[in-house]
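So for the sequence shown, our numbering puts the first residue at 652; every next one is plus one.
For every residue, glycine included, the Cβ atom is placed at its ideal position computed from N, Cα and C.
Below: one structure, written as structure tokens.
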Amino acid sequence: MDRSESGIDDSASLGDAPKPWSLRPARLGARTVLLLGTGSVIASFYIGTGDVSVGTNMGAKFGYGLWWSYFVLGIAGWALIDMSVRYFLRFGKTPMSIFKDVHPAFTVYMFIAVVVCATFGSYNQWSACAMVVTGFFPGVPIEVGGALAALAGLVFLLTGAYKRLERVFVVGLVALIVCFFGSAFMAGFDWKAAAHGLIPQAPGKGWQALFSNNAGSMINAWLILIYPYTMIERGWFSKRLQGKVNVLHRARIDYAWGILAAGVVALPLMAAASAIARPFGIVPRGYMDLSILLEPLAGTWSTYLFLFGLFLAAWTAGVGWWLCGCYALLDIFNLPIRLDSKPMRVCLVLFFIPSTALLLLRVNPVFQMLIFTAFLTLVFPVIGFVLLYRISRPDMGYFRWSLKSPQGIAIVAADLFAICLSVYVGVWLGWVKFGQVFISR
């Protein structure tokens, strides 16, 4: 967005400034709407191995009955990103600056959380890539398969410019959607049941647990951090208020697509599991189980397409975790936020080493999941509350909370809904799932 764009000066006094949410954004051309590169990067956080497991479990237990949850939870995910973008447009600062300004202890906390979550989050994805590689090439040791996938991700980020990264993520997202839908069509697809799944419902006993698991994925605290970084890479900022409104409008379409993509990808996963596993009362334990069931009932190509889609989902998610972690670390240490900078390359290598070492050392997944879950338990509500505290203050100017217009009321409601779900996810991950692990052991 052109920084010299004409419009109302954001530095105008409160008396002269327009009322909150009263300006109309400029119209976007069809070409602009279709260039949803950053939204595809955002989608990589929603479409990883955990999301594939949740989608297949939903389909195996309830068919399409929980498809609606992706869109209800998506409202909260959208609001979380929107809060961070509004803060960035208002002050020209990244959301990480909020934590650095509140107290130095928050900076230390965020540093530890970023390192731990980005390391283990990416490790989960490289493990899935390893299993897919071993599935196609049984002679390749699983550690080697995962290390090669991680190395490919490292080389891609070290040699690629940001625009190239977006293009690869767009192609990867489209390809994995095609793969999953192709696999589902071979297994069987009930469009009527799928349409019924858009209606909010309680499809059966135990649906709350899957809803909570899905919430843990859709209410992704790290998305609060990463989207403004991509805006910096693109130069999406304006000093004038009308320009800020235009940028916000464009950005909202972009990350709405990233969130919508999670629901789109979930549909074929539910369809395949509903057709293959549900009739026999089988509930897949992990993301690889469905591939085993597909071959005898839907054919070899159905399995191949599913595995290709799984690899793409895991690989892009692994790259996404590294990208977000590196951006956050650069921000914490006040370094240039650029993919092609030397500090970024150093950070990428530093994340590559422990992520790959965990594969080579064959660390028990239970232990790393305990650590990962413990940190996410704290991260979700803390980030949510700190951001809510900041964006609800009057000095947000035009972007402040207001109940004097329907749009203002909708924004306040969405923000509060997002924070409530963030707290719910934190409680669920911490006190329920974390406790279940110890009880089961």
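Fewer than three Cβ pairs drawn from the segment 945-952 and the segment 728-742 lie within less than 8 Å of each other, which leaves the two stretches out of contact. Taking C-beta separations shorter than 6 Å and ignoring five residues to either side along the sequence, the partners of F1031 in its chain run A872, S1073, V1076, G1077, following chain order. Around the C-beta of K895, 16 or more other C-beta atoms lie within 10 Å, and the residue is accordingly described as buried. In the DSSP assignment, no residue is bridged to R996. Every unbroken stretch of the alpha helix (DSSP H) spanning 4 or more residues and falling wholly within the segment 686-710 is given here in chain order: 688-697. Of the residues assessed, G857 falls on the exposed side of the cut-off, its CB having fewer than 16 other CB atoms within 10 angstroms. Note that the C-beta distance between V915 and I828 is below 9 Å. For the segment 929-969, the continuous alpha helix (DSSP H) assignments of 4+ residues that do not extend past its boundaries occur at 940-949, in sequence order. Per DSSP, K895 is one residue of the alpha helix (DSSP H) stretching across 892-927.
DSSP places A769 within a helical segment (H, G or I) once states are collapsed to three.
At a Cβ-Cβ threshold of 9 Å, W718 and G867 do not count as neighbours.
One thing to note: W966 has its Cβ no nearer than 9 Å to the Cβ of G772.
Sequence-distant partners of R737 (beyond 5 residues in either direction) whose C-beta falls short of 8 Å from its own C-beta, in its chain, are L899, I1042, M1047, F1050. Around the beta carbon of Q776, 16 or more other beta carbons lie within 10 angstroms, which makes this residue buried.
If you draw a straight line from the Cα of I749 to the Cα of L990, it is about 23 Å long. By the criterion of a C-beta distance shorter than 7 Å, L980 is surrounded in its chain by V765, C998, once the five residues flanking it on both sides are discounted. Distance between R675 and F739, taken at the CA atoms: about 19 Å. Per DSSP, the continuous alpha helix (DSSP H) segment holding W719 begins and ends at 719-742. In the displayed model, I870 falls within coil according to three-state DSSP, outside both helix and strand. In the structure shown, the three-state DSSP call for D991 is coil. With contacts defined by Cβ atoms closer than 9 Å, F931 and C780 do not form a contacting pair. Separation of T881 and P994 (C-alpha to C-alpha, rounded to the nearest whole angstrom) is 17 Å. Membership of S748 in the alpha helix (DSSP H) is indicated by the continuous run 747-753.
Between the C-alpha atoms of V825 and D905 there is a straight-line separation of about 15 Å.
For W887, no alpha helix (DSSP H) encloses it, and the DSSP letter there is neither H nor E. For the pair Q859 and A924, the Cα-to-Cα distance works out to about 19 Å. DSSP places V791 in no alpha helix (DSSP H); its state is neither H nor E. By a beta-carbon distance limit of 8 Å, Y697 contacts A913. Their separation comes to about 4 Å.
With respect to the 9 Å criterion, A694 and G909 are classified as neighbours on the basis of their beta carbons.
The beta carbon of G690 sits closer than 6 Å to those of D905, Y906, W908, G909, all from its chain and outside the five residues before and after it, given in chain order. With a cutoff of 9 Å on beta-carbon distance, V705 and F820 are scored as not near each other. Linking L920 to I850 through their CA atoms gives a straight-line distance of about 18 Å.
For the pair I1004 and L1010, the Cα-to-Cα distance works out to about 10 Å.
DSSP places R815 in the uninterrupted alpha helix (DSSP H) bounded by 813-838.
One thing to note: L816 has its Cβ no nearer than 9 Å to the Cβ of L809. Short of 6 Å from the beta carbon of G823, and not among the five residues preceding or following it, lie these beta carbons of its own chain, in chain order: L963, T967.
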